[in-house]
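> Next up is a structure, given as structure tokens.
Protein chains: 2
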Amino acid sequence: MGLPFEISKTSDAGGRRGTLRLPHGDVQTPVFMPVGTAATVKAVPQATLEQIGANGAGAEMILANTYHLTLRPGHELIRRMGGVHRFMSWTRPMLTDSGGFQVFSLAKLRKVTEDGVEFRSHLDGAKHFFSPEHSMEIQIALGADVMMAFDECVETPATWQRTRDSMGLTHAWAKRSKEYFEAHKHEVPWATLEGRHSERSSESQYLGLSESGAPGLDSETWVPTPLQIFAGRTQSLFGIVQGGMYPDLRRESAERMVEMEFDGYAIGGLAVGEPPELTREMIARTLEFLPRDKPRYVMGVGYPDQIAEFARMGVDMMDCVLPTRAARHGLLFRRAEPGEESSESGCPIHAGSIGMGGMSEEVSSETETASRTAIRMNIKRVEYAEDQRPIDPACACPVCQRYTRAYLRHLFMAREPLGATLNSIHNLAFYLDIMERVRGELAGLT
Amino acid sequence: MGLPFEISKTSDAGGRRGTLRLPHGDVQTPVFMPVGTAATVKAVPQATLEQIGANGAGAEMILANTYHLTLRPGHELIRRMGGVHRFMSWTRPMLTDSGGFQVFSLAKLRKVTEDGVEFRSHLDGAKHFFSPEHSMEIQIALGADVMMAFDECVETPATWQRTRDSMGLTHAWAKRSKEYFEAHKHEVPWATLEGRHSERSSESQYLGLSESGAPGLDSETWVPTPLQIFAGRTQSLFGIVQGGMYPDLRRESAERMVEMEFDGYAIGGLAVGEPPELTREMIARTLEFLPRDKPRYVMGVGYPDQIAEFARMGVDMMDCVLPTRAARHGLLFRRAEPGEESSESGCPIHAGSIGMGGMSEEVSSETETASRTAIRMNIKRVEYAEDQRPIDPACACPVCQRYTRAYLRHLFMAREPLGATLNSIHNLAFYLDIMERVRGELAGLT
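This is the structure:
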């Protein structure tokens, strides 16, 4: 029983308009997934996530981080809470990463062997060990709709031989990931909810939609009712293509992954410091060797122009911390106006992605740069102090509909928490709008 | 042209059910006003503030701090932005304090003379000077519906003579405040909006309610349209009764203030470290000497039981940072269940109220204490780690309708910004619900 993925249109350039049918709902592709690192898209309430973006459709799918959640609050706790969907009250599709990239970004705190990776927590220095089997065990406990095979991400630059050795490890780990997944996928917390709770009250009670407003719960014995009934469905597992910046290795990795037959394929190890032309080239050289009928996911990208470009090339799924992280640092995206200077951006997005402090130099720079579709505004600049315009006069998000640049600058300068919330809502809406426009382009093909 | 205040019912104990008709709308009294220190109720979006609480009516009136706003972003900037309502996009009534209490809490950073108070900013140490005239000038620039006479707040404990001298200063400053206000009240930013903007587009465009979703603004010349048209109305000025913990001085202060004829009367200098019985007694001994037909406002209170009690005694307006500040420290209020232990709380709420770090010992304590109507929960306690109940099963707020204690604990422990937002929303809804119940009690009188 594969993952249902229907493609309605394909452009000459390879871009695809599709629908991914996951246990927690359908997702219109190409899709951008906001990152909910610790079971929360930082500073944004779930109800807002459900409403922002084009047509008020909200984010259809979000990502959560295996590494962060296993450290805190722990995947066994989340399993007991019914999985991360129920834990955070998010009823739509989710994806978890494998923890591999996060551990990779710990650099000196880790030790890689054939068996797995030993590392120290960035929170308290405690030793942990991730193997392919353990990553699967954690991801099944978390219960996202899509989970990722455990991989190693190679540093940049790396030699061909170093990259090939690392890739070999990724392939061996992918095989072990799949074997563990197939043997244990029935253990996902929500797989058994139907039986356990079939006699219980309706979804609307759990979600608080009852007429009375008050749930009227028996506080001693209350157990949440299931969010949805999953008729025998399980999670899906995606493989991750590695191969660094070497097209021959990318091809070899893609072919090996396809032989193993995953539900979808990710392209990993990009946006780690290479120039954007190279990111694009590696994606193009990998897509050639991925099957056309399965979803293709590029992990950890990118800037607004990049996500549009990659979607047009045939990438179906992307995620990135950039819109929310930039927002917390006062960097806002808006549409370019006619005549505004345009230039391409290209710097590491991921560098230092563990913890909240890591903001790459480029993202936090004082300068504002433009690109084909997006201008970056640094809201702390004095020129915005009395600017009564919204961030982006062409944006329909709730922030642009209500607040001025002057107010957002004040919130940022006064370090008011509302600033991070409003900035994040706008940047996420901006990203979701871009993908909606690309979906519209692809759907409009004759 | 006085401030319209209609009282529909009065209880034997003196509690009043009323309606305060302010330029930005009607307020049902008794009312609790959330504190929006720096033109934001910390961590809570304005749209949420408009919706929480009993019947989804939201907060009908909020408070902003003169001291904080004049330091950052500056009252002249806010004046140029059309006043604090428009600056923060809050269309409902607001009140500004005089800055007197905030300066009082700076303790060693201030120097009081008959002319006014010299103090150093807690932000950068820069010297500032507040006089009654300057406080009025600032508050007119901010443009809240209700502004407060400039006062001195005496330390606790203080001798009778020290308290009387300080009170004398407050009376002199109240007189100067009123004189300045009467001479300058026409300068409020929104007084002239009608004329300036009458030819411009409708309110719905500014608020983003247009059908298209996109405001379609000319980005070069766009000026916000007025939120409301104010038919010749101006702000109201309230006097502040001082007198420390001495009933005779409270009486004298009340009588002097009433002679000066303000639009309403506040009772200041309470909740500064005295036991709650004394707070209550001072309020009772002051209310006796305030006119029954004018609104009465107790500043800076209180715990949930206190706000209900004071409202039943005849207090019409209250404000307090407690629900939001406690929320950011993981302290949540919920209704007591039958049989839960009850005890009165009584500790300083205001102590150290400048800045965000100041949380009184009592509020941040590990212990949970109960009172007649409210239990305080410390969400970081391990007993909540897997607690799938909402904070308060009887609460209809959006947080209790969607999120578990387990999730809120996780957000707090992981220092996720969403935690402060959700905790604040619940605590504010809890306070608004209390006042709605008291209003219901008072309205139900025969």
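Residue numbers (the numbering used here), protein chains in the order written: chain A, 1105 to 1550; chain B, 1105 to 1550.
We put the beta carbon where it would ideally sit given N, CA and C, even for glycine.
1. Check whether chain A comes within 8 angstroms of Ala1248/B, counting only Cβ atoms and requiring the distance to be less than that.
2. Against chain B, with Cβ distances strictly below 8 angstroms, would Met1386/A count as a contact?
3. If we ignore side chains and look at the alpha-carbon of each, how far apart do Lys1146/B and Met1137/B end up?
4. Taking the alpha carbon of Val1419/A as the reference point, which residue from Arg1120/A, Asn1169/A, Tyr1507/A has its own alpha carbon closest?
5. Quickly, what does DSSP pair Thr1114/B with across the bridge? List them, please.
6. What is the residue span of the beta strand (DSSP E) that Met1198/B lies within?
7. Please go through the same chain and pick out, in chain order, the residues whose beta-carbon is closer than 7 angstroms to the beta-carbon of Cys1501/B, but skip the five residues on each side of it.
8. Is the closest heavy atom of the ligand PLP to the C-beta of Pro1149/A under 7 angstroms?
9. Can at least three beta-carbon pairs, one atom from the segment 1534–1548 of chain A and one from the segment 1414–1432 of chain A, be found at a separation below 8 angstroms?
10. Kindly say whether His1514/B, judged by its beta-carbon, lies nearer than 8 angstroms to any beta-carbon of chain A.
11. Strictly below 8 angstroms CB to CB, what residues from chain A border Lys1146/B?
12. Note down, in chain order, every chain A residue with its Cβ under 7 angstroms from the Cβ of Met1192/B.
13. With Leu1564/A and Thr1144/B assumed to form a contact (beta carbons below 8 angstroms), what rounded beta-carbon distance in angstroms separates them?
14. Does Met1185/B come within less than 8 angstroms of chain A when only Cβ atoms are used?
15. Could you give the DSSP three-state label for Gly1616/B: helix, strand or coil?
16. Straight-line CA distance for Ala1287/B to Val1207/B?
17. In angstroms with no decimal places, state the Cα-to-Cα distance between Leu1167/A and Arg1190/B.
18. Report the CB separation of His1364/B from Lys1289/B in whole angstroms; it is logged as a contact under 8 angstroms.
19. Whole angstroms are fine: how far does the CA of Asp1249/A sit from the CA of Thr1338/A?
20. Just the Cα atoms here: how many angstroms apart are Gln1410/B and Ala1253/A?
21. Below 9 angstroms on C-beta distance, what does Met1517/A contact in chain B?
22. Note down, in chain order, every chain B residue with its Cβ under 8 angstroms from the Cβ of Trp1490/A.
23. Three or more C-beta pairs under 8 angstroms: does that hold for the segment 1345–1353 of chain B against the segment 1263–1275 of chain B?
24. On a CA-only basis, which of Asp1228/A, Arg1354/A, Gly1404/A is nearest Phe1393/A? Give me that one, please.
25. Once DSSP output is grouped into helix, strand and coil, what is the label at His1232/B?
26. Answer yes if the segment 1115–1131 of chain A comes into contact with the segment 1196–1207 of chain A, meaning at least three C-beta pairs across the two stretches below 8 angstroms, and no otherwise.
27. Nearest chain A C-beta to Ala1142/B closer than 8 angstroms, yes or no?
28. Measure the alpha-carbon distance for Ser1115/A versus Phe1334/A and round it to whole angstroms.
29. What does the Cβ neighbour count give for Lys1398/B, buried or exposed, with the cut at 16 atoms within 10 Å?
30. Counting contacts by CB-CB distance shorter than 8 angstroms, is Arg1506/A in contact with chain B?
31. I'd like the list of long-range same chain contacts for Gly1140/B, defined as Cβ closer than 6 angstroms, with 5 residues on each side in sequence excluded.
32. Residues in the same chain with beta-carbon distance under 6 angstroms from Pro1494/B, minus the five sequence neighbours each way, listed in chain order, please.
33. Of all the alpha helix (DSSP H) runs that stay within the bounds of the segment 1478–1536 of chain B, which reach a length of 4 or more residues?
34. According to DSSP, is Pro1340/B helix, strand or coil?
35. For Leu1382/B, tell me which candidate among Ser1202/B, Tyr1350/B, Glu1487/B, Ala1489/B has the shortest Cα-Cα distance.
36. Considering Lys1279/B, what are the terminal residues of the alpha helix (DSSP H) in which it resides?
From the atom records:
1. Not closer than 8 angstroms to any Cβ of chain A, the Cβ of Ala1248/B fails to qualify, so no.
2. It does not; no Cβ of chain B falls within 8 angstroms.
3. Distance between Lys1146/B and Met1137/B, taken at the CA atoms: about 13 angstroms.
4. Per the Cα distances, Arg1120/A.
5. DSSP output for Thr1114/B lists Arg1120/B as bridge partner(s).
6. Counting along the chain, the beta strand (DSSP E) containing Met1198/B begins and ends at 1198–1200.
7. Excluding sequence positions up to five before and after Cys1501/B, its CB lies within less than 7 angstroms of the CB of Ile1156, Ile1529, His1530, Ala1533, all in the same chain and listed in chain order.
8. Absence of the ligand PLP is noted for the structure shown, with no ligands found whatsoever.
9. Taking a cut-off of 8 angstroms for Cβ pairs, the segment 1534–1548 of chain A and the segment 1414–1432 of chain A touch, as three or more such pairs fall below it.
10. Yes, its Cβ sits closer than 8 angstroms to a Cβ of chain A.
11. Simply Glu1520, Pro1521, Leu1522.
12. In chain order: Tyr1511.
13. Residue coverage of chain A in this structure runs from 1105 to 1550, which leaves residue 1564/A outside it and unanswerable.
14. Yes, its Cβ sits closer than 8 angstroms to a Cβ of chain A.
15. This structure cannot speak to residue 1616/B, because chain B is shown only from 1105 to 1550.
16. Cα to Cα, Ala1287/B sits roughly 25 angstroms from Val1207/B.
17. Roughly 37 angstroms separates the two Cα atoms.
18. Residue 1364/B is actually Met in this sequence, not His. Taking the Cβ atoms as the reference, Met1364/B lies roughly 15 angstroms from Lys1289/B, outside the contact range of under 8 angstroms.
19. Going by C-alpha positions, Thr1338/A is about 8 angstroms away from Asp1249/A.
20. When rounded, the distance between both Cα atoms is 56 angstroms.
21. Result: Arg1176, Pro1177.
22. According to the sequence shown, residue 1490/A is Glu rather than Trp. Listed along chain B, the residues sitting closer than 8 angstroms to Glu1490/A by beta-carbon distance are Leu1181, Arg1184, Met1185.
23. Output reads yes: the segment 1263–1275 of chain B touches the segment 1345–1353 of chain B.
24. Minimum Cα distance to Phe1393/A is reached at Arg1354/A.
25. Three-state result, His1232/B: strand.
26. Proximity of the segment 1196–1207 of chain A to the segment 1115–1131 of chain A meets the contact definition, three or more beta-carbon pairs being nearer than 8 angstroms.
27. Answer yes: the Cβ-Cβ gap between Ala1142/B and chain A drops below 8 angstroms somewhere.
28. Those two C-alpha atoms are separated by around 34 angstroms.
29. With 16 or more other Cβ atoms within 10 Å, it is buried.
30. True, the Cβ-Cβ gap to chain B drops below 8 angstroms.
31. Answer for Gly1140/B: Ile1166, Ala1168, listed in chain order.
32. When the five nearest sequence neighbours on each side are left out, the beta carbons in the same chain lying within less than 6 angstroms of the beta carbon of Pro1494/B are those of Cys1504, in order along the chain.
33. Every unbroken stretch of the alpha helix (DSSP H) spanning 4 or more residues and falling wholly within the segment 1478–1536 of chain B is given here in chain order: 1509–1517.
34. Note on identity: in this sequence residue 1340/B is Ser, with Pro being the wrong assignment. In the structure shown, Ser1340/B sits in a strand (DSSP, three-state: E or B).
35. The shortest C-alpha separation from Leu1382/B is found at Tyr1350/B.
36. Per DSSP, Lys1279/B belongs to the alpha helix (DSSP H) from 1264–1288.
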